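Below is one structure, written out as structure tokens, with a few remarks after it.
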Amino acid sequence: MNEHDFELLRQFVRRGDQSAFAAIVRRHLDLVYATALRKLEDSGAAEEVAQDVLAALARKAWQFAPDDSLPAWLYRATLLETNRRLRGELRRRRREQTAAELGTTMNTPDQQPALHALVPLLDDALLALRERDRVALLLRYYESRSLREVGAALGVREDAAQKRVAGALERLAQFFRRRGFKTATLAATAAALEHTAVPAPALAASAILQRALPVAPSALAGLKVLLSRFAGLTKIQGAALSLALAAAPVSWQWQKNRAAQHQALAAQATLDAARAGPRALLSDVERLRAESARLTLAAQKVEEAQTEQQEALRQLDALRTRVFGLLSATNYHWPDDLPFVRIPKPAIRQIGPGKGIHAHGKLDNWAAELLALTPEEQQQTQQSLGELTRAMGQLAASRAYETNYMPQRLRYSDWSVYKFKTVAVPPLGSQADSLVNQTFAQLGQSLGRERAQLLIGDALAAKNCPDWDLWVGGCIELASTPQLFTALVNTSSSDRVAVGLFRTGQSGCGGLTGGAPGKNEVTLWGLPDALSSQFFDRWLNQMGLTNAEIRMAP
Amino acid sequence: MKKLLLPLIILGAGAVGLGRFTRLASEARTSARRCEAEWSVLSNGVARLTAEKAALRNEIKATRQRLSHWSLPAEPSSDLVRLMQSAQSNGWSQAALPELRRRLGITWDCSPDYVLVSKASLKGISLNGVGGQGVLTPTVCDVLAITPEERASLESLVQRTAGDYLVWMKTNVTRMEPSGDVLAKYVIPANPELSQRLMFEGGVGVLGAVGAERTELCRNFAMQWVQQHALLGQSSVSLIVRRSIEGDRQRLEAKCDTTLWGGNSSTGWADLSPASFPDLFRALFPGGWRDLAQRENFALPDDFQDASPAQ
Numbered sequence: 002m003n004e005h006d007f008e009l010l011r012q013f014v015r016r017g018d019q020s021a022f023a024a025i026v027r028r029h030l031d032l033v034y035a036t037a038l039r040k041l042e043d044s045g046a047a048e049e050v051a052q053d054v055l056a057a058l059a060r061k062a063w064q065f066a067p068d069d070s071l072p073a074w075l076y077r078a079t080l081l082e083t084n085r086r087l088r089g090e091l092r093r094r095r096r097e098q099t100a101a102e103l104g105t106t107m108n109t110p111d112q113q114p115a116l117h118a119l120v121p122l123l124d125d126a127l128l129a130l131r132e133r134d135r136v137a138l139l140l141r142y143y144e145s146r147s148l149r150e151v152g153a154a155l156g157v158r159e160d161a162a163q164k165r166v167a168g169a170l171e172r173l174a175q176f177f178r179r180r181g182f183k184t185a186t187l188a189a190t191a192a193a194l195e196h197t198a199v200p201a202p203a204l205a206a207s208a209i210l211q212r213a214l215p216v217a218p219s220a221l222a223g224l225k226v227l228l229s230r231f232a233g234l235t236k237i238q239g240a241a242l243s244l245a246l247a248a249a250p251v252s253w254q255w256q257k258n259r260a261a262q263h264q265a266l267a268a269q270a271t272l273d274a275a276r277a278g279p280r281a282l283l284s285d286v287e288r289l290r291a292e293s294a295r296l297t298l299a300a301q302k303v304e305e306a307q308t309e310q311q312e313a314l315r316q317l318d319a320l321r322t323r324v325f326g327l328l329s330a331t332n333y334h335w336p337d338d339l340p341f342v343r344i345p346k347p348a349i350r351q352i353g354p355g356k357g358i359h360a361h362g363k364l365d366n367w368a369a370e371l372l373a374l375t376p377e378e379q380q381q382t383q384q385s386l387g388e389l390t391r392a393m394g395q396l397a398a399s400r401a402y403e404t405n406y407m408p409q410r411l412r413y414s415d416w417s418v419y420k421f422k423t424v425a426v427p428p429l430g431s432q433a434d435s436l437v438n439q440t441f442a443q444l445g446q447s448l449g450r451e452r453a454q455l456l457i458g459d460a461l462a463a464k465n466c467p468d469w470d471l472w473v474g475g476c477i478e479l480a481s482t483p484q485l486f487t488a489l490v491n492t493s494s495s496d497r498v499a500v501g502l503f504r505t506g507q508s509g510c511g512g513l514t515g516g517a518p519g520k521n522e523v524t525l526w527g528l529p530d531a532l533s534s535q536f537f538d539r540w541l542n543q544m545g546l547t548n549a550e551i552r553m554a555p
Numbered sequence: 497m498k499k500l501l502l503p504l505i506i507l508g509a510g511a512v513g514l515g516r517f518t519r520l521a522s523e524a525r526t527s528a529r530r531c532e533a534e535w536s537v538l539s540n541g542v543a544r545l546t547a548e549k550a551a552l553r554n555e556i557k558a559t560r561q562r563l564s565h566w567s568l569p570a571e572p573s574s575d576l577v578r579l580m581q582s583a584q585s586n587g588w589s590q591a592a593l594p595e596l597r598r599r600l601g602i603t604w605d606c607s608p609d610y611v612l613v614s615k616a617s618l619k620g621i622s623l624n625g626v627g628g629q630g631v632l633t634p635t636v637c638d639v640l641a642i643t644p645e646e647r648a649s650l651e652s653l654v655q656r657t658a659g660d661y662l663v664w665m666k667t668n669v670t671r672m673e674p675s676g677d678v679l680a681k682y683v684i685p686a687n688p689e690l691s692q693r694l695m696f697e698g699g700v701g702v703l704g705a706v707g708a709e710r711t712e713l714c715r716n717f718a719m720q721w722v723q724q725h726a727l728l729g730q731s732s733v734s735l736i737v738r739r740s741i742e743g744d745r746q747r748l749e750a751k752c753d754t755t756l757w758g759g760n761s762s763t764g765w766a767d768l769s770p771a772s773f774p775d776l777f778r779a780l781f782p783g784g785w786r787d788l789a790q791r792e793n794f795a796l797p798d799d800f801q802d803a804s805p806a807q
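For the record, the sequence lines run as chains A and B.
One gets this note's numbering by counting positions in the first sequence from 1 and adding 1 to each.
One gets this note's numbering by counting positions in the second sequence from 1 and adding 496 to each.
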């Protein structure tokens, strides 16, 4: 836009300066009027169109930018307005009427018949041009601007404006020629333009201005100010402003989005870290729960154990009181509800705990209890007695000899089928006495003289051990009394083996004992290992028998 | 209006971008709020777990202190508890008695006059509780704590039982005529019905006199006496006296055979001696071998030493 036009419009828009708008009207009224008149061919209608177009300019003045072409806009607005008026039957009638009037009002030279043919298509031709060409022609011909002014309006130099005008004329002429107007030369075309450039009547200009200005706003305010300012910007400025306007909230929102993303990431990171924490904590808590449960259970067990132990101790104390009360009871009765009874110590001698001693020194529990032996005392006693029987057996074996003598007492006709072996052991003398006395002394040290006497002392004094175990009794008597050990075996029975072992004057087993059916085993119990292995085991083996007592020996 | 197109496009793009960023920000904030909410839940859980952990630690500490303050017995208490509980449920087993003796502190020196003995150990004692004439021995009276009244009752019972058997035995003993070297032969037959009746009546009598516990012990201590009386008829007993010649020396031998449940046992042939006369036959021949020799009309050896029945 011509800077002057833009400046005038801005003054009109911003301050309501009517003089500025009047100046614009004066500058471009001819263009509008001429265009309208050429189309409508009616000066009154042309004035009305000019009035309407300029009123529209006043209304839309805020929309113009510095680089907008005001002549171009006015020309297009004028054409649009005239076209609107020419629609329908009215347009045809007016044209006919105008044609009739043209013969009287317009002095058309005869030499210009082609010019008249071009005029109806002139506007179409102008619209077919590029806008810069059209503006150049409109300024040059309809506003009667000099080439320098045209150049200034177009932003080019005068010579360039001249070339632009010439080029535009040529392209306009070409438009006509393409449509069959052979005479449409540059000159004819320029003439057509000049011919249709009719200045508006002075009175008309004044009237138009007076009628257009009232419809224009006195001054713009509010949003329209902003819009006018925006409209007043160039495209680049507008784009930059739009970009700025768009970028600001987008940037602000981007920043907020970025902050929100950071916040979300931080929250997620915190959450992830928090998720890891409880796992370890939960593991700790579960471990502590298990530990607590274990300790609680242990505490309960300890409490229960303590309670049970206290109860057991109480019961034990009560039992001890009752049991030991037996010892001092003056009116003693058999205690039906107690596991113990009392026995007078003199009765123990009559019972004879020595009968509880066996071949390898083992002492029966009843004998140990009669002497109130502790487990340690019982073990020690058994060890001493075992050593005695073993030593006596070895001594006896070293002195013993076989004989084919059958003791008189065993000469029974019923037993004539029995095989027998007799081993004679002569009195072992002081060596045996020494062994026995040594054992007695050991027992006296470990058990005390009273119990040692009860165990073997009385038998030693009497040198007689009725009902004692065969060999143990033999040990007591061997020092001074010769002994015969006779074994009898009956193998004639098909399913059992009868065997007996006898010591002189004493029956070891009270008769014959049977071997286990189906097994070739017999038991010469009560015989020391040394005598058994030296004399009897081989003899039994020759009959296909085994002495099981060897296997059972400790 | 064309001039507005580019700004509109720019502003539209800006609006789209703004909307996009707004939506993204909203989603991010939503995600952050969700994370925060979940974190809040987790934090509450952590706080709860932390509190529980602290409480558990205190509980464990307290329990440990409680446990450390409890004084446990030096020896395993469970043995004593088990010992006492087993006694309550099943009575005192023989295996538990040594432990009980140890815990009660029973020793030889507990008393100068008596010793404490378990009832179970009495079953192992071999004791001849009944002497001649059906009199209880002092030892068995001491061991079983038999009172004078109980003793009188038991002795009466023993003597009555022996009397019943001997009456029957005297009536039913069979004398065999001497033949060859056999100078005398007497057979006491078995009478299981009589034995069963006498055993039953004797058992009931003992049970009534001294109770169940001592009845079993009395049976053990009376076993030798019962065997001497042919198990009160359960077994048959024969006494045989024979003459044997060894070189130019004449000897008199005797043996006593017992038949019980189809099996035989024998004392074997032995020279006549006062001690070898079977007690069972003293009811028939109170004077022993001498009475028998007189009854059967044979002469005892010149060197036969006479002796009283007590021998």
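Every residue, glycine too, gets a C-beta built ideally from N, C-alpha and C.
Predicted, not measured: the structure shown is a model, and the values here were computed from it.
Item: Would you call A/Arg452 buried or exposed, if buried means 16 or more other Cβ atoms sit within 10 Å of its Cβ?; Value: buried
Item: Is the segment 368 to 380 of chain A in contact with the segment 667 to 678 of chain B, if contact means three or more CB pairs nearer than 8 Å?; Value: no
Item: Could you check how far apart the C-beta atoms of A/Glu48 and A/Ala208 are, in whole angstroms? I think they sit under 8 Å.; Value: 7 Å
Item: Decide if A/Trp63 is buried, meaning its Cβ has at least 16 other Cβ atoms within 10 Å, or exposed.; Value: buried
Item: Measure the alpha-carbon distance for B/Phe696 versus B/Glu742 and round it to whole angstroms.; Value: 48 Å
Item: Please determine, among A/Ala46, A/His361 and A/Ala169, the residue with the shortest C-alpha to C-alpha distance to A/Leu130.; Value: A/Ala169
Item: Could you name each continuous alpha helix (DSSP H) segment of 4 residues or more that falls completely within the segment 327 to 364 of chain A, going from the start of the chain to the end?; Value: 346 to 352
Item: Report the neighbours of B/Ile736 on chain A: residues whose CB is nearer than 8 Å to its CB, in chain order.; Value: The premise fails here: B/Ile736 is roughly 11 Å from chain A at the closest Cβ pair, so nothing lies under 8 Å.
Item: From this set, A/Ala245, A/Ala265, A/Ile25 and A/Leu119, which residue's C-alpha is nearest A/Arg179's C-alpha?; Value: A/Leu119
Item: B/Ala563 touches chain A at which residues, Cβ-Cβ below 9 Å?; Value: The sequence given here has Leu at residue 563 of chain B, not Ala. Those within 9 Å of B/Leu563 in chain A are Leu296, Ala299, Ala300 and Val303.
Item: Identify the continuous beta strand (DSSP E) that holds B/Glu742 and give its terminal residues.; Value: Ser732 to Glu742
Item: Please give the ranges of any alpha helix (DSSP H) in the segment 582 to 611 of chain B, keeping only runs that are unbroken, at least 4 residues long and fully inside the region.; Value: 593 to 600
Item: Please state whether DSSP places A/Asp318 in a helix, a strand or coil.; Value: helix
Item: Please report the distance separating the alpha-carbon of A/Leu320 from that of B/Gly601.; Value: 11 Å
Item: Apply the 10 Å Cβ neighbour rule to A/Arg135 and answer buried if 16 or more other Cβ atoms are within range, or exposed otherwise.; Value: buried
Item: Count the other C-beta atoms from every protein chain shown that fall within 10 angstroms of the C-beta of A/Gly511, then say buried if there are 16 or more, exposed otherwise.; Value: Only weak support exists for where A/Gly511 lies, its pLDDT of 36 falling under 50; the coordinates are left without a value.
Item: Any chance the segment 333 to 345 of chain A sits against the segment 620 to 632 of chain B, with 3 or more Cβ pairs inside 8 Å?; Value: no
Item: Can you tell me where the alpha helix (DSSP H) holding B/Met719 begins and where it ends?; Value: Met719 to Gln724
Item: Please list, in chain order, the chain B residues whose beta carbon lies closer than 7 Å to that of A/Phe7.; Value: Neighbours of A/Phe7 on chain B: none; closest Cβ ~14 Å, over 7 Å.
Item: Let me check understanding here. Comparing Cα to Cα, which of A/Val166, A/Leu10 and A/Ala78 lies closest to A/Ala51?; Value: A/Ala78
Item: Give me the Cβ distance between A/Pro427 and A/Pro483, rounded to the nearest whole Å; I'm assuming they're in contact under 8 Å.; Value: 5 Å
Item: In chain order, what residues of the same chain lie with their CB nearer than 8 Å to the CB of B/Ala705, ignoring the 5 residues before and after it?; Value: Glu646, Ser649, Leu650 and Leu653
Item: When you compare each of A/Thr492, A/Leu532, A/Trp526 and A/Phe536 to A/Leu546 by their alpha carbons, which one comes out closest?; Value: A/Thr492
Item: Per DSSP, what kind of secondary structure is A/Lys464 in: helix, strand or coil?; Value: coil
Item: Any idea if B/Gln629 is buried or exposed, counting beta-carbon neighbours within 10 angstroms, 16 or more meaning buried?; Value: exposed
Item: With burial defined as no fewer than 16 other Cβ atoms inside 10 Å of the residue's Cβ, what is the status of A/Asn108: buried or exposed?; Value: Per-residue confidence for A/Asn108 stands at a pLDDT of 45, beneath the threshold of 50, marking its modelled position as unreliable; no derived number is given.
Item: Quick one: using the 10 Å Cβ neighbour count with 16 as the cut-off for buried, is A/Thr36 buried or exposed?; Value: buried
Item: Just to confirm my understanding: we take A/Gly387, look at its own chain, exclude 5 residues before and 5 after, and list those with CB closer than 6 Å. What are they?; Value: His361 and Gly362
Item: Just verifying my parser: in three-state terms, what is the DSSP assignment at B/Ile556?; Value: helix
Item: Mind listing the chain B neighbours of A/Leu372? Cutoff is C-beta to C-beta under 9 Å, in chain order.; Value: Trp604 and Val611
Item: Could you please tell me which residues of the segment 259 to 284 of chain A, in chain order, have their CB closer than 7 Å to any CB of chain B?; Value: Ala261, Gln262, Gln264, Ala265, Ala268, Gln269, Thr271, Leu272, Ala275, Arg276, Gly278, Pro279, Leu282 and Leu283
Item: Which class does B/Asp575 belong to by DSSP, given the choice of helix, strand or coil?; Value: helix
Item: Would you mind reading off the limits of the beta strand (DSSP E) that contains B/Asp753?; Value: Arg745 to Leu756
Item: If contacts are defined as beta-carbon pairs under 8 Å, then A/Ser293 and B/Glu555 qualify, I think. What distance do you get, rounded to the angstrom?; Value: 5 Å
Item: Hey, does B/Trp664 have any beta-carbon neighbour from chain A nearer than 8 Å?; Value: no
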